[in-house]
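Quick note on my numbering: the sequence shown kicks off at 309 and runs consecutively.
Positions of the beta carbon are idealized from the N, C-alpha and C atoms, including for glycine.
Working notes, beginning with the structure itself.
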Amino acid sequence: MQEIKHFINGEYTGSVSGRTFQTVNPATGEALATVHEGGKAEVDHAVASARAALKGEWGRMAVADRMALLHKVADGINARFEEFLEAECLDTGKPATLARHIDIPRGAANFKIFADLVKNVATESFHLDTPDGAGALNYATRKPKGVIAVVSPWNLPLLLMTWKVGPALACGNAVIVKPSEETPRTTSLLGEVMNEVGIPKGVFNVVNGFGPESAGEYLTCHPDIDGITFTGETRTGAAILRGSAEHIRHVSFELGGKNPAIVFADADLDKAVEGTMRSVFANCGQVCLGTERVYVERPIFDEFVQRLKEGAESLTMGAWNDERTSMGPLISKEHQEKVLSYYQKAVEEGANVVTGGGVPDLPAPLNGGYWVQPTIWTGLAEDSSTVKEEIFGPCCHVCPFDSEEEVVALANDTRYGLAAAIWTENLTRAHRVADQVEAGIVWVNSWFLRDLRTP
């Protein structure tokens, strides 16, 4: 069984307390690795190392040299692609066919993308007239924020961690990453790449552990942290925000979503079904930007539901390294129980179960894993908890609509506002509806296409 230690000041180190915990393979339920649990001592050490790095070689490094190093980090990940792939798939259970095309290449690319983006960011300067006629020049310079706490999630561990670490390092900051306790392997492995390419000690640090009264709380409440970036559950984000108020520091959060897809009758149905299949079931539905509410214009409603059902029933669950596998398990027993509770609640709230709604029958050792069936419902009231609350599993509710005004109101009737997808061949309508939908990202005839130069 692998032993995973903290990575602090360029070295792998155990916990002062000697405390450890085990990670579990979500596909089988079997123990996977022993992880050292960090506490106040490890966080203090990491913060001091990061602060020293900012005052040392990293803080004095020319921008061009910093950018070159980050390109080497990306190349270093790609040079060990298969190693990162296996680590990610073992931790999450996701199919290699998914991680090979999304998680690992995008996780590596984040370093190059943000290095190039920061290199080309303009600074502002303005000439100011003065009463004496001499004039004055006002100009802005961009400086690193300092020591950044990165609390990363378990659903896309490498990709979403480097999506935070990449820009932080590109801007000259030092980081301390607290990966999810379920998925620490690729974050730990990245420490080796950092050393291989010559990132100075203390620039990239990793402290493993949990949230409350563990590494997460000690890190986000540390008085010498200058900023916090967090992706995860809304209640956890609210707790971190309350804690950060004492030290008045910058925070960046990506929290939950209950995202709508809107399918108009003039949509290319093949593309709309295929795109909705991905937005609902990709990564076993464990995507913040995924779709759990699907609104379909009434003339094509029955056909769309039937085709989405056929697609869901064609998904193959299996081992991560089986090329036939198209959907993996949920991340943990606890999360499986949560998703299954919503499957039961949907029935209690009057749902018509189009397909799924339970646990698949899989052979050993997969029968010990945290699997659920891809599930589609119709017939639920819009105020039902199944429609209102984020489930974060491979499921969706499909509802008919009759007018553009109606569907915009339905899409916006949520406390979330993360993402949406619109399917239509009418360009004017696409722009009009996208402007009215209250979401941070709105895709038109696509899903999960992102240019990181946009917010």
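Residue range of the alpha helix (DSSP H) that includes Q614: F609 to E621
Any chain D beta carbon closer than 8 Å to G658: Absent here is chain D; the protein component of the structure consists of one chain.
Per-residue burial, Y651 [other beta carbons within 10 Å of its own, 16 or more giving buried]: buried
Terminal residues of the beta strand (DSSP E) in which L445 lies: A444 to Y447
K566 beta carbon less than 8 Å from that of Y724: yes
Straight-line Cα distance separating R450 from D424: Approximately 16 Å, taken between the alpha carbons.
Beta-carbon proximity check, V655 vs K617, cutoff 8 Å: Not a contact, by the Cβ cut-off of 8 Å.
CA-to-CA distance, C703 to A404, given in whole angstroms: Taking the straight line joining both Cα atoms gives about 22 Å.
Residues sharing a beta bridge with E562, DSSP: T539
Reference F422; option with closest CA among A476, E582, L393 and D399: A476
Alpha-carbon spacing of V515 relative to K486, whole angstroms: 5 Å
Nearest-angstrom beta carbon gap, H344 and G322 [assumed within contact, 8 Å]: With a Cβ gap of about 5 Å, G322 and H344 count as contacting.
C-alpha distance - H643 paired with T491, whole-angstrom precision: 14 Å
Nearest candidate by alpha-carbon position, reference F518, set P708, I730, K348 and E712: K348
Alpha carbon of N734 to alpha carbon of L597, nearest angstrom: 24 Å
Proximity below 8 Å, CB of Q681 to CB of G665: Yes; because the gap between Cβ atoms is below 8 Å, this pair is in contact.
Length of the line joining the Cα atoms of F709 and C592: Computed Cα separation, rounded: 27 Å.
Cβ neighbours of A738 in the same chain (closer than 7 Å, five flanking residues each side left out): I730, T732 and V752
The region 714-721 in contact with the region 555-571 per 3-pair CB rule at 8 Å: Because the criterion of three Cβ pairs below 8 Å is met, the region 714-721 and the region 555-571 touch.
Sequence-distant residues of its chain with Cβ nearer than 8 Å to R615 (five each side left out): L577 and V581
F700 burial status per 10 Å Cβ neighbour count (16 or more: buried): buried
Opening and closing residue of the alpha helix (DSSP H) in which K472 lies: From DSSP, the alpha helix (DSSP H) with K472 extends over P465 to A478.
Burial state of S754 (16 or more Cβ within 10 Å): exposed
Nearest-angstrom beta carbon gap, V355 and I533 [assumed within contact, 8 Å]: So it is a contact: roughly 7 Å between Cβ atoms.
Opening and closing residue of the alpha helix (DSSP H) in which A387 lies: For A387, the uninterrupted alpha helix (DSSP H) run begins and ends at V371 to A387, by DSSP.
Meets three-Cβ-pair contact criterion under 8 Å: the region 383-398 and the region 444-458: no
Reference G551; option with closest CA among A575, A573 and Y526: Nearest C-alpha to G551: Y526.
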